[in-house]
Amino acid sequence: MKRDSYQKTKRMVIMAVFIAIIIIQTLVPILGFIPLGIMNATIIHVTVAIGAILLGAKEGAGLGFVFGLGSMWKNTFMPNATSFCFSPFAPAIAGYTGGIRAVIVCFVPRILVGVVAALVFRAIRKTGKLKLALLVAGAMAAITNTILVMSGIYFLFGEHYASATGKELTQLPLVIVGIIGTQGIAEAIVSAILTLAVAGTLLKISEER
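Using the numbering used here, you'd call the opening residue of the sequence shown number 2 and step up by one each time.
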C-alpha cells in the first residue's frame, strides 16, 4: 500500500512539474512560442511528449490540454493576425472571430500530441529499441501538432486565414504544405533530438532509482 501511495504521489508531482514548465513556456515567449510573423512556432509539444513518455497517454492528454489552454491564453492576450484560429476570445484583428472552431483547432491537436507520443513510444519500446522509440515519439509529437493544426485551419478557416495572410484561397494549399514542409520538419527534428536527450536521461535516472 505504501509503495502504491508513493508511486501515485510521485506521478502527481511529476505531472505538476510538467504543467508548471508548460505555463512558464507560455508566459516566456522564447521558451515556448517563437513569433514568426503571422504565426508562432512552438516547442511546447516537446514538453508534452516528454511528460507523456514518462507518465502515459492519459497524462499526456492532460498536458496537451494545458498546452491548448496556454495557446488560447497567448492568442487572446498577445494576438496576431491569425489568432482567431486559436481563440474565440481573440480581438478581431483580421475582422473575424473564430468561435467554437477555434477551440477545436486549439485543443484537439494538442491533446492528441500527448496521446500519440505515449502510444508511439510504448509500441516501439516493446521492440527493445529505446533510443528509436524516443526519437520517433518526439518527432511524431511535432508532426501531429503541425499537421492537425494546419489541417484544422485549412478546413475550418480557409477563406478567413487566406485573407488574414494576404493570400488567395487558391494559394492556401501550397501555403499550408509549405509550412508543414519547412517549419513542421524543423520542429520534428528539434523535437526528436530534445526528446531523446531529456526523456532518455529522465528514464535512466528513474530506472536507477
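We put the beta carbon where it would ideally sit given N, CA and C, even for glycine. Note that this is a predicted model, so its numbers are computed, not measured.
{"Query": "Pick from 153, 164, 118 and 177 that is closest to residue 143, judged by C-alpha positions", "Result": "118"}
{"Query": "DSSP-derived helix/strand/coil call for residue 10", "Result": "helix"}
{"Query": "Check whether residue 99 and residue 65 have beta carbons under 8 Å apart", "Result": "no"}
{"Query": "Backbone CA spacing between residue 1 and residue 102 [nearest angstrom]", "Result": "There is simply no residue 1 to check, as the chain begins at 2 and stops at 210 in what is shown."}
{"Query": "Straight-line Cα distance separating residue 187 from residue 180", "Result": "10 Å"}
{"Query": "Unbroken alpha helix (DSSP H) run spanning residue 164, endpoints", "Result": "131 to 165"}
{"Query": "Residue 192 at chain D interface by Cβ criterion, 8 Å", "Result": "Among the chains in the structure shown there is no chain D, since it carries only a single protein chain."}
{"Query": "Whole-angstrom distance between residue 152 and residue 47, CA atom to CA atom", "Result": "20 Å"}
{"Query": "CB-CB length for residue 44 against residue 61, believed under 8 Å", "Result": "Contact flag wrong, Cβ pair sits at about 16 Å."}
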